[in-house]
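Chemist: One structure follows; several queries about it will come next.
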Amino acid sequence: MQILFSTSEIQELKDCQELFEDMKVDDVEVTCFQIIDDLIHKNNIYQQADILYAYEQFEIAVELLKEIEWFDSSRLEHILPKVKKLLIFQNEVKRC
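One point on numbering: in our numbering, the residue at position 89 of the sequence shown is 117, and numbering is uninterrupted.
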């Protein structure tokens, strides 16, 4: 299964990665954007638990960004289904 991300979608994810850089929630670093970027670029170096955690963390990040008045989360919401497919597919591959 190939999930294609446009250049602007990849840039949006990179921008969010920078926004969340060095951020921690409950003493856990926000890594979902880095994991997603690595998976898009075929760097499959993550364990199943990391992929599942990235999926959960990404959904929370999108919800947080929706609540920030100055941040336009519409593009991120648009690519949310692609990211979910990517992470679910990677998780299924790791289970096999």
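Yeah, the Cβ is synthetic: ideal placement off N, Cα and C, and Gly gets one too.
Helix, strand or coil for GLU37, going by three-state DSSP, please let me know.
Modeler: Helix.
Chemist: Could you spell out the range, first to last residue, of the alpha helix (DSSP H) harbouring LYS70?
Modeler: That residue, LYS70, is in no alpha helix (DSSP H); it is neither H nor E in DSSP.
Chemist: Going by alpha carbons, who is nearest to LEU32 out of ASN119, PRO109 and VAL121?
Modeler: Nearest of ASN119, PRO109 and VAL121 to LEU32, Cα basis: PRO109.
Chemist: Per DSSP, LYS52 forms a beta bridge with which residues?
Modeler: Bridge partners of LYS52: GLU57.
Chemist: Would you kindly work out how many angstroms separate the C-alpha atoms of LYS113 and VAL53, rounded to a whole number?
Modeler: Near 25 angstroms, if we compare the C-alpha coordinates of VAL53 and LYS113.
Chemist: Alpha carbons only, please: which of HIS106, LEU67 and PHE99 is nearest the one belonging to PHE119?
Modeler: It is worth fixing the name first, because residue 119 is Asn in this sequence and not Phe. The residue with the shortest Cα to Cα distance from ASN119 is LEU67.
Chemist: In the DSSP assignment, find the alpha helix (DSSP H) that holds LEU92 and state where it starts and stops.
Modeler: 76-95 is the span of the alpha helix (DSSP H), which, as asked, contains LEU92.
Chemist: Please state whether DSSP places LEU115 in a helix, a strand or coil.
Modeler: Of the three classes helix, strand and coil, the one that applies to LEU115 here is helix, per DSSP.
Chemist: Report the residue from LEU80, SER102, GLN85 and ARG103 whose alpha carbon sits nearest the alpha carbon of VAL121.
Modeler: For the residues LEU80, SER102, GLN85 and ARG103, the minimum Cα distance to VAL121 belongs to LEU80.
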